[in-house]
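Residue numbers (the working numbering): 281 to 551. No residue lacks a Cβ here, since even glycine has one placed at the ideal position from N, Cα and C. Right, one structure below, let's go through it.
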Ligand code: PMV
C-alpha cells in the first residue's frame, strides 16, 4: 500500500509574538527540526487523542488511515510543534486539496490549539525561510542570524490559548512590541524580552536564565507564547562570545538545542 510522507519544520519567533495576534508585524524563521507524518490509507483501529484526534475528525479521516508521527520538535515549547503537526497532517491526508483549502483546514486545527491564532506559525511552517508576517500577508525578511542556541526554560503549564487569553487586556504594549519587528536586528532582543516580561508571559525560571545570559554579555528572549506558572519554553540566546555562552550553559547544566535558521518549509518526502 502506498504511503504519503510529509515533513514540516518548527519555527522560532525572533520578534513580535503576541502583538502579531493584534495585527502588528512579527519576524519568524523556520528551524532545522521537523515533524514527519506518514499516512497509509487503509481501514484502521488506531486510537488517537488530543490534536491528532481533533485533526482526523475534522478532516473526516478517523478510522480510514494508519498514521506514523515522528518528531524532533519539543512539544508546547514555542517551537511551533502544533503548526507543524496540523500542516503535516493536512498535507499528508489531503494531498489533492488546493492550497487555499489546505490553509483553511490547518487554521481550523491551529485555532483549536491557539484560541485566536495570528496565522504566523502556519505560514512559516508552510513557506520556510525567514518572514516578516503581518495580518496574513508576508515577505521574505533578512536573516542576520544563521544559527541559534535555544535554552530550555521548561515546558509551560499553560497552553498557547491560555497565554493569548491572559494578555488580551494589555493592548498598550502591542504597538511597542510591533515596532521592534518593523526594523528588526539582533540588538533588539533585550528590549523585546523586557516588553514580554511587562506583558506577563515570562516565568521565573526563564527570567533567571535570561538575566545570567545578559550578565555574561549576551542577550536572550523567549520565542513563543511563553508561560508563567512553570517554564516559558525555549529561550533564544545570542552572545558575541560563543565560548562564553557555551561555558555558561555547561556550568548551569541547562538543556539546550543548537538550530539552523531559515530552512525549507513543508514538503512531500519519498517514502
Ligand atoms: O504557540 P507558540 O509558542 O508557537 O506561539 C505562537 C505565537 C503567538 O503570537 C503567541 C500566538 C499567535 O497565534 O501568533
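Whole-angstrom C-beta distance between residue j and residue i, which should lie under 8 Å
i	j	result
residue 501	residue 427	In fact, because the Cβ distance is near 16 Å, the residues do not count as touching under 8 Å.
residue 505	residue 358	6 Å
residue 414	residue 305	4 Å
residue 393	residue 441	7 Å
residue 430	residue 536	6 Å
residue 542	residue 310	6 Å
residue 433	residue 511	5 Å
residue 352	residue 313	5 Å
residue 544	residue 408	4 Å
Per DSSP, the bridge partner or partners of residue i
i	result
residue 548	286
residue 410	309
residue 502	515
residue 507	482
residue 423	Beta-bridge pairing links residue 423 to no other residue.
residue 319	284, 347
residue 404	Answer by DSSP bridge pairing: none, since residue 404 is not bridged.
residue 291	310
The alpha helix (DSSP H) enclosing residue i, as first and last residue numbers
i	result
residue 344	Note, residue 344: premise wrong, no alpha helix (DSSP H); not H, not E.
residue 531	522-532
residue 332	330-338
residue 386	379-394
residue 455	454-462
residue 299	From DSSP, residue 299 is part of no alpha helix (DSSP H); its letter is neither H nor E.
residue 442	440-446
residue 357	Neither: residue 357 is in no alpha helix (DSSP H) and is coded neither H nor E.
Same chain, Cβ closer than 6 Å to residue i, five either side skipped, listed in chain order
i	result
residue 316	287, 350
residue 519	498, 525
residue 418	403, 411
residue 257	For the chain, the structure presents residues 281 to 551; residue 257 sits outside this window and is missing.
residue 529	536
residue 493	500, 517
residue 496	524, 528
residue 369	317, 335
residue 534	431
residue 372	284, 286, 317, 319
residue 489	431, 433, 515
Contact test: residue i Cβ vs the ligand MG heavy atom, cutoff 6 Å
i	result
residue 528	Inclusion of the ligand MG in the displayed structure is not the case, the ligand content consisting of the ligand PMV alone.
Close-in-space but distant-in-sequence residues of the same chain around residue i (CB under 8 Å, 5 per side omitted)
i	result
residue 476	297, 298, 457, 482, 501, 502, 506
residue 424	465, 466
residue 323	343, 344
residue 374	339, 381, 382, 385
residue 514	292, 354, 357, 358, 359, 430, 431, 432, 433, 502, 503, 504, 537
residue 390	362, 363, 366, 397, 399, 401, 402
residue 485	433, 434, 510, 511, 512
residue 443	298, 436, 481, 505, 506, 507
residue 332	347, 349, 365, 369
Extent of the continuous beta strand (DSSP E) to which residue i belongs
i	result
residue 429	427-432
residue 420	417-420
residue 537	536-540
Same chain, Cβ closer than 7 Å to residue i, neighbours up to 5 away in sequence not counted
i	result
residue 367	288, 386, 402, 405, 406, 546
residue 479	298, 447, 450, 453
residue 471	460
residue 328	336
residue 377	none
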